[in-house]
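Novice: Sharing a structure below in structure tokens format, with a few things to ask.
There are 2 protein chains.
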Amino acid sequence: MAFHYPNGTPYNNHEAPKSKKQVKKQKSIQFGKRGMDFEEEINKSNAYYLSRNTAVIHKKPTPVQIVKVDYPSRSAAVIKEAYFRQASTTDYNGVYNGFYLDFEAKETKNKTSFPFKNFHQHQIDHIRQCLAQKGICFVLLWFSSLNRCFFFSGEALVTYWAEQETTGKKSLPLAIIEKNGIEIQIGIAPRIPYLDAVEQYIQSKKGVAMNDN
Amino acid sequence: MAFHYPNGTPYNNHEAPKSKKQVKKQKSIQFGKRGMDFEEEINKSNAYYLSRNTAVIHKKPTPVQIVKVDYPSRSAAVIKEAYFRQASTTDYNGVYNGFYLDFEAKETKNKTSFPFKNFHQHQIDHIRQCLAQKGICFVLLWFSSLNRCFFFSGEALVTYWAEQETTGKKSLPLAIIEKNGIEIQIGIAPRIPYLDAVEQYIQSKKGVAMNDN
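Protein sequences appear in the order of chains A and B. Quick note on UniProt numbering: the first sequence kicks off at 1 and runs consecutively. Quick note on UniProt numbering: the second sequence kicks off at 1 and runs consecutively.
What follows is the structure, given as structure tokens:
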């Protein structure tokens, strides 16, 4: 049941390429029917932003516990036994114009709501910790059946997550995401221009802060 | 010459435990004579800062290209073939009181200077990119034979790196590090209180910014 990646192919992102099976085993991510690999498009958008000096955002490597390494020659260490580890953070972070950005990218085939099971407790905890340090935290939500993408703030996610812990609700209704989130129009370059939504969010926070004073 | 970590020990950081051999192969890090594992102490300091809600700083997992995975059972995917990949960033980043922090930890047995070979071009490039986004970038330098630790700013490192590219100098003299860096006194909890130096650096930058206006 082992699978193989093509050898010698250059990859532009940090991440080892993933087969659909591996991704499913590891993270239960479902790819959209229409063939957009959401994570891959975000990685490309990050590469675009980096090339334009707009932001420095990287996906974190998959955490792996290495148990056994062979050294057949000095130049080629081969990992012969390793295990996937649970991450303690979200997948993406970096810096944009002095702001610390931290986010997860999630997708669903659902058409009317986003299942909470796509999020993990450690991600919520990490978002809470980063918010306490004045980081800009959010999730990018991709409704693959609708071809719609949303920015949803960490504050809002944490609030609704706490709510579902008491109400037992299994998902976040699309109507709430439409109302509290910011829709991202899929483009060409970058494909997922999420920094526009981030900028809008930062400006709206400034407005709130000024009103508070 | 490989050493082993005790099995079953819980690790608080993301990183898989490394054998000395693996670390040497991968990063050419030399451990200090007096037994302080510099990276491990920084990871513990980060855990301390996280537990006190002072900052959220994590070491990035080692990038690994996964080639072959076996699934003997649903719960235990075993990576059977994988390779170390070159990182594109520094090892540590996170958020502290609204600031994006980004740094590398390096050590030397030298007593009078810090060799430039401890740094890699991709780390310098990444630091330049993050500085352009107003991130707080630095390196933590550990002189294991002297038991002395320094904060050295990304701006200064980038400047001296560019200089050595033309002069061919092989190392950064301790005198320059003493003059331009901030010495960190090794403590108990956290062992490496580097955020004190970061705070001092941030305050000094504010002073410069005010003088500029």
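Beta carbons: idealized from backbone N, C-alpha and C, even for Gly.
1) In the structure shown, what three-state DSSP assignment does A/N93 receive?
2) Just to confirm the assignment: which complete beta strand (DSSP E) runs, minimum length 3, are found wholly within the stretch 135–204 of chain B?
3) Are the beta-carbon atoms of A/V56 and B/Q133 separated by less than 8 Å?
4) When we look at the beta-carbon of B/N46 and count the other beta-carbons within 10 Å, is it buried (16 or more) or exposed?
5) Would you mind telling me which residues of chain B sit closer than 7 Å to A/F84, beta carbon to beta carbon, in chain order?
6) In terms of alpha-carbon separation, which member of B/Q203, B/I177, B/V198 and B/A209 lies closest to B/T54?
7) Decide if B/V139 is buried, meaning its Cβ has at least 16 other Cβ atoms within 10 Å, or exposed.
8) What's the call for A/T62, buried or exposed, on a 16-neighbour Cβ count within 10 Å?
9) In this structure, what does DSSP give as the bridge partners for A/V69?
10) CB-CB under 7 Å to A/K170, same chain, minus the five flanking residues each way: which ones, in chain order?
11) When you compare each of B/E81, B/A77 and B/I66 to A/D70 by their alpha carbons, which one comes out closest?
12) List the residues of chain A whose Cβ lies closer than 9 Å to the Cβ of B/G98, in chain order.
13) How about B/Q123 and B/T90: do their beta carbons lie closer than 8 Å?
14) Hey, would you say B/Y83 sits closer than 8 Å to A/V78, going by beta carbons?
15) Mind checking which residues open and close the alpha helix (DSSP H) that includes B/K109?
16) One question on the structure: do B/A105 and B/I177 come within less than 8 Å of each other, judged by their Cβ atoms?
17) If you run the structure through DSSP and keep just helix, strand and coil, what is B/H120?
Specialist: The relevant details are as follows:
1) Stepping through the first sequence from its first residue, residue 93 of chain A is reached at position 93. Three-state result, A/N93: strand.
2) 136–143, 148–153, 171–173 and 182–184
3) Working through the first sequence from its first residue, we reach residue 56 of chain A at position 56. Working through the second sequence from its first residue, we reach residue 133 of chain B at position 133. Against a cut-off of 8 Å, the Cβ pair of B/Q133 and A/V56 comes out as a contact.
4) Within the second sequence, the letter at position 46 stands for residue 46 of chain B. Label assigned to B/N46: buried.
5) Here residue 84 of chain A corresponds to residue number 84 of the first sequence, with the count starting at 1. Per Cβ cutoff of 7 Å: A77.
6) In the second sequence, the residue the question calls residue 54 of chain B occupies position 54. Among B/Q203, B/I177, B/V198 and B/A209, the Cα nearest to that of B/T54 is on B/V198.
7) Sequence index remark: in the second sequence, residue 139 of chain B carries index 139 (1-based). It is buried - the Cβ of B/V139 has at least 16 other Cβ atoms within 10 Å.
8) The residue you call residue 62 of chain A lines up with position 62 of the first sequence. A/T62 should be labelled buried.
9) In the first sequence, residue 69 of chain A corresponds to position 69, counting from 1. A/I79.
10) Reading the first sequence from its first residue, position 170 is the one you call residue 170 of chain A. Cβ neighbours of A/K170 beyond the five flanking positions: P115 and F116.
11) Here residue 70 of chain A refers to the residue found at position 70 of the first sequence. It is B/E81.
12) One-based indexing of the second sequence puts residue 98 of chain B at position 98. Residues of chain A passing the Cβ test: G98, F99, Y100, Q133, K134 and G135.
13) The count along the second sequence starts at 1 and reaches residue 123 of chain B at position 123. The count along the second sequence starts at 1 and reaches residue 90 of chain B at position 90. Contact flag set, yes.
14) In the second sequence, counting from the first residue as 1, residue 83 of chain B sits at position 83. In the first sequence, counting from the first residue as 1, residue 78 of chain A sits at position 78. Yes.
15) Your numbering for residue 109 of chain B matches position 109 in the second sequence. Here B/K109 belongs to no alpha helix (DSSP H), and DSSP marks it neither H nor E.
16) Here residue 105 of chain B refers to the residue found at position 105 when the second sequence is read from its first residue. Here residue 177 of chain B refers to the residue found at position 177 when the second sequence is read from its first residue. Taking 8 Å as the Cβ cut-off, B/A105 and B/I177 do not qualify as a contacting pair.
17) One-based indexing of the second sequence puts residue 120 of chain B at position 120. It is coil, neither helix nor strand.
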